[in-house]
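2 protein chains.
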Amino acid sequence: MRIALDAMGGDHAPGPIVAGAVQAAQRDPALTVLLVGDEPRIAAELERHPDLPRDRLPIVHASEVIGMHEKPVEALRKKRDNSISRCWLLLAQGEAHAVVSAGNTGAMVGAGLFNAKMFLPGVRRPGIAAVYPTLLGPAVLIDVGANMHPKPEDLYQYGVMGAIYAQHVLGIDNPTIGLLNVGAEEDKGNELVRDATRMFRSSQFADRFVGNVEGRDIHDGRARVIVCEGFTGNILLKSGEGAVEFLFSELKKELGLLLPRLSPEDGQLLVQRLRDLKTRYEYHEFGGAPLLGIRGACIICHGSSDDRAIRNAIRVAAVMAEDRISAEISTALTSGTVAHKL
Amino acid sequence: MRIALDAMGGDHAPGPIVAGAVQAAQRDPALTVLLVGDEPRIAAELERHPDLPRDRLPIVHASEVIGMHEKPVEALRKKRDNSISRCWLLLAQGEAHAVVSAGNTGAMVGAGLFNAKMFLPGVRRPGIAAVYPTLLGPAVLIDVGANMHPKPEDLYQYGVMGAIYAQHVLGIDNPTIGLLNVGAEEDKGNELVRDATRMFRSSQFADRFVGNVEGRDIHDGRARVIVCEGFTGNILLKSGEGAVEFLFSELKKELGLLLPRLSPEDGQLLVQRLRDLKTRYEYHEFGGAPLLGIRGACIICHGSSDDRAIRNAIRVAAVMAEDRISAEISTALTSGTVAHKL
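Sequence lines, in order, name chains A and B. Per the numbering used here, the very first residue in the first sequence carries number 1; after that it's consecutive. Per the numbering used here, the very first residue in the second sequence carries number 1; after that it's consecutive.
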């Protein structure tokens, strides 16, 4: 299994990125990680890891880097020899089975969507899935930002792809699928959602489709795959992160006054429990967000990813590229049970 | 000041609704609350409050009630003599200066939007504002569900109305205005947001406009008014409530184990602090969500509103109907600094 890793992508690249690759290669002897980016800088990072399996960590030079805040389309056009495009090229050429980056998300998605030959058969447009917690365990939110103007068919495909991902990667049997909407009733919301509802109802996934899910119910776990347009999904995902961040900062203030009154052991216990709870919300635990609908696999990591997050992302990318996920997605989307129902 | 209150609207109406009205009338001797709904049931509730100012709590009979989960449009058409429509009629006839309801939100908004004569001069389409907490204090999110298909001009108007509301009701001087978007850069998102950005930049509010706000930054307070389309705003608002609900239920589990190890005083302190924190998120504290752009005032309360929430909502409705909010909104929206710039 060969993974193309954008060694230059991320807030603190290449340090933690290379470290994550080293750890992944050490843990899985069947894994080769292609370190894509500035050769001297990557080589210097590798020097810090003396016991590494060097032959399974080849460097693929790319002279340019797209910054985290650069405009994606412009950057991809101007910086032809950038590490992200090089990763995708390796995937297209069959040199890699999957791509992983913690760099500029827009550039990563843009480069992937640019070449429709990289889409799985039957896929109209890939979508980004994110994992979030519910009372019944992890669930999938899709799309969280790849597609700003989806058609009903796109939403339907996101549901199918999200369900297959939830089954294979999160281990959820026959995951339920819901549509994010402003109310539970079927006449709510906009036409996009209403048309997508009809598609789900007349599809092979009808028995798994639980209808509309309101914002306040996304954490109850009734739907283990929640489908939405990229604009709303992106805002929802990020606002969730923001709310947790904010809430814990307030919590810290509230509990800070209590802490001195506790025994050192109890105080430590309290801090540890809060930290555990917060960790459950941080999605680097889940190894990044996959761009679903791509041949092989593509994992997009948070810019702040540390070595552990990168290690996890590489592992998930390897599982996804190896597993039947791609084949199942194509089968489900080309079997034609739905395609012409609208 | 006369407020038309939908006495039949809310999960537990008319009990807590009438109780809230009694409290509001007791506290403000200049206030008359018209109790709209089933006369015998409301009269029975009033019996429970012997010391009330009866002359300032007249009952206006309406024979029908729109249920919390009825389809708004259908219900408004079929149940002509419902309490919500009656409230709006009282406003239109000048019998009331403001309307308040904890009933079916869709019906409340639908009945209000039905009669464009009730819009303030210059207003294209009213929008619902919600108050939420930030690190710098309360902020306004608008629209959270009145307008599923806004035009750029609508978003601009929401910004203006939200800012005037934030100034008068929340006491924020010259509140900043931002647009909810998937990225901070101006080329991000969809056309709607980009066009609205141009309108703000060329308007009299240009110096207050802080550009795009991402989901993760809504709690930092950089924008004290955040503008978005109704679909996204509704999902964002409700998912925020859902996330807080979920987080506190998890927190309770985590801290439940710690509680027996604390002294009774410390335990009580911990519980109290968490309760305080949660309360800050519950928007009945803020007295409901106003439908901005309406002549007089309209406050939409949460279905679960208790007597205190209703009392607050009546107070806010009275402030809004009395204050210069309406005049300021009309002046800002008819002064024409923007209207034709797009």
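C-beta: ideal position from N, C-alpha, C; glycine also.
Taking each of B:V131, B:Q272, B:H302 in turn and checking the Cα distance to V169 (chain B), the smallest one comes out for B:V131.
Segment contact: the segment 22-37 of chain B against the segment 303-320 of chain B, three or more CB-CB distances shorter than 8 Å; contact assigned. The beta carbons of V225 (chain B) and G288 (chain B) sit about 18 Å from each other, so the pair does not count as a contact at 8 Å. R54 (chain A) sits exposed, since fewer than 16 C-beta atoms from the chains shown fall within 10 Å of its C-beta. Residue environment: R48 (chain B) is assigned as exposed (fewer than 16 neighbouring CB atoms within 10 Å of its CB, all protein chains considered). Following the DSSP letters along the chain, one finds H61 (chain A) inside the beta strand (DSSP E) bounded by residues 59-61. Its Cα nearest to that of Y156 (chain B), the residue B:G293 stands out among B:A102, B:G293, B:A4, B:R222.
Excluding residues up to 5 positions away in sequence, nothing lies with its Cβ nearer than 7 Å to the Cβ of A327 (chain A) in the same chain.
No Cβ-Cβ contact shorter than 9 Å links G178 (chain B) with V144 (chain B).
Between M118 (chain B) and R295 (chain B), the C-beta gap is smaller than 9 Å, which places the two residues in contact. When secondary structure is reduced to three states using DSSP, E241 (chain B) falls in the helix class. Taking a contact as a CB-CB distance under 8 Å, the pair R273 (chain B) and L258 (chain A) counts as one, their CB atoms being some 7 Å apart. Contact check for A7 (chain A) and L35 (chain A): beta-carbon distance about 4 Å, within the 8 Å limit, so the pair qualifies.
Beta-bridge partners of E64 (chain A) (DSSP): A:N82. Residue burial is scored here from C-beta neighbours: D306 (chain A) has at least 16 other C-beta atoms within 10 angstroms and is therefore classed as buried. Neighbours of F114 (chain A) in chain B, taken as residues at a C-beta separation under 9 Å, are lacking, since the least C-beta distance is about 17 Å.
The Cβ atoms of R80 (chain A) and A4 (chain A) lie no closer than 9 Å to each other. In this structure the segment 194-209 of chain A does not lie against the segment 136-154 of chain B, because fewer than three pairs of beta carbons, one per stretch, are closer than 8 Å. Only buried fits F231 (chain A), as 16 or more other CB atoms lie within 10 angstroms of its CB. Positions of the beta strand (DSSP E) runs, each at least 3 residues long and wholly inside the segment 196-229 of chain B, are given as 209-213, 225-227 in order along the chain.
Under DSSP, T134 (chain A) forms a beta bridge with A:G137.
Spatial neighbours of S304 (chain B) in its own chain (CB-CB distance under 7 Å, excluding positions within 5 residues in sequence) are listed in chain order as D11. Secondary structure note for D6 (chain B): its beta strand (DSSP E) is the uninterrupted segment 2-6. A Cβ-Cβ distance of about 19 Å is found for the pair E241 (chain B) and L277 (chain A), leaving them out of contact under the 8 Å criterion. One alpha carbon belongs to D38 (chain A), the other to R124 (chain B), and they sit about 55 Å apart. Taking CB atoms only, H97 (chain A) has no neighbour in chain B less than 9 Å away.
When DSSP states are grouped into helix, strand and coil, G112 (chain B) belongs to the helix group.
Considering only A:V182, A:C298, A:I329, A:G221, the residue with the shortest C-alpha distance to G112 (chain A) is A:C298. Uninterrupted alpha helix (DSSP H) stretches at least 4 residues long and entirely within the segment 15-44 of chain A occur at 15-27, given in chain order.
The three-state reading of DSSP puts A96 (chain B) in coil, since its state is none of H, G, I, E or B. Only buried fits R56 (chain B), as 16 or more other CB atoms lie within 10 angstroms of its CB. Taking the beta carbon of L269 (chain B) as reference, the chain A residues within 7 Å of it are L258, listed in sequence order. Considering only A:V210, A:A243, A:G233, A:P290, the residue with the shortest C-alpha distance to D220 (chain B) is A:A243. If you draw a straight line from the Cα of E265 (chain A) to the Cα of L255 (chain A), it is about 15 Å long. Within the segment 174-193 of chain A, the residues whose Cβ lies closer than 7 Å to any Cβ of chain B are, in chain order, L180, V182, E185, D187, G189, N190.
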